[in-house]
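Terminal number for the sequence shown in the UniProt record's numbering: 225, no gaps in between. For glycine and all other residues, C-beta sits at the position ideal for the given N, C-alpha and C. Working notes, beginning with the structure itself.
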Amino acid sequence: MDTEKDLESLGEKLYDLIYPKHSDMTPKLTGMLLELPGSVIDQMLQDEALLTKALDRALAALQPDNSKLASETDDADSVSLDSLGEQLYDLIDLYNTGHTQKITGMLLEQKRESVRHLLSDPALLEERVKMALETLQDRRGQEETDMSDSFDKEDLEAMGERLFVLVQDMEPTNCADITGMLLEMDSRTLQQILCDRTMLEVAVHRAKNALDGAHALSQTQPETQ
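Following this line, the structure appears as structure tokens:
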């Protein structure tokens, strides 16, 4: 937070929300949650489900499994990594990228200290999320390009046949010409218009207008002697 007063205000609000649920551990739990970035604390104050989830994790961290004391160090490392991953996931999920799990996995490939730094630095986290999202989008674009390159002549012919039937239902007079024009689109767009009636209708309408315009232009041109 920017000032100690802001942090104190958040702490008071958290305390009031936590006390009815965990009166005996309210100070400890409040202190643990105040270690999170301010933006996340604000979110928890408005989202009871998110606050409950954070409290459950804080309680779990305070209640280690005594049955595994023999491997206490390994367990602590594992719990620590799991806890970091869960905290990171919740923060990344606030960005609504649609790729929370993948981005979390990518950022967890860093050293543990770097991950902790991300949890305490919202600006740095936002930058890393954007970079990871760009990487995912680049990969997706490459996959789509590869898919388009592998599109063979037989696929195009089959798509043309399906397209012709659909276009014929809309514009029987010019269905052959319009189908030919639509088949000049890239394969991904063709697949979309075959699955989306509205997109197909728009594409057919545009193609028909182009044909009508070309026909009108040819009618107005003077004949050459």
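| Check | Outcome |
| --- | --- |
| Can you name the start and end residues of the alpha helix (DSSP H) that P20 belongs to? | Taken as a continuous stretch (DSSP letters only), P20 belongs to no alpha helix (DSSP H), as it is neither H nor E. |
| Return the CA-CA distance between G160 and L183, expressed in angstroms with no decimal places. | 7 Å |
| Between the beta-carbon of A61 and the beta-carbon of L33, is there less than 7 Å? | no |
| State the Cα-Cα distance for the pair D186 and E127, rounded to the nearest angstrom. | 34 Å |
| Which class does residue 227 belong to by DSSP, given the choice of helix, strand or coil? | Only positions 1 to 225 of the chain appear in the structure, and residue 227 is not among them; the question remains open. |
| Measuring straight from C-alpha to C-alpha, what distance separates R167 and V204? | The question names Arg, but residue 167 is Val in the sequence shown. Rounded to the nearest angstrom, the two C-alpha atoms are 7 Å apart. |
| For L10 and G38, what's the separation of their Cα atoms in angstroms? | 8 Å |
| What is the C-beta distance between M170 and E201, in whole angstroms, given that I count them as a contact (C-beta under 8 Å)? | 7 Å |
| Have a look at I41 and A49 and give me their C-alpha separation to the nearest angstrom. | 13 Å |
| Out of L36, Q46, T52 and E8, state which residue places its alpha-carbon closest to the alpha-carbon of H22. | T52 |
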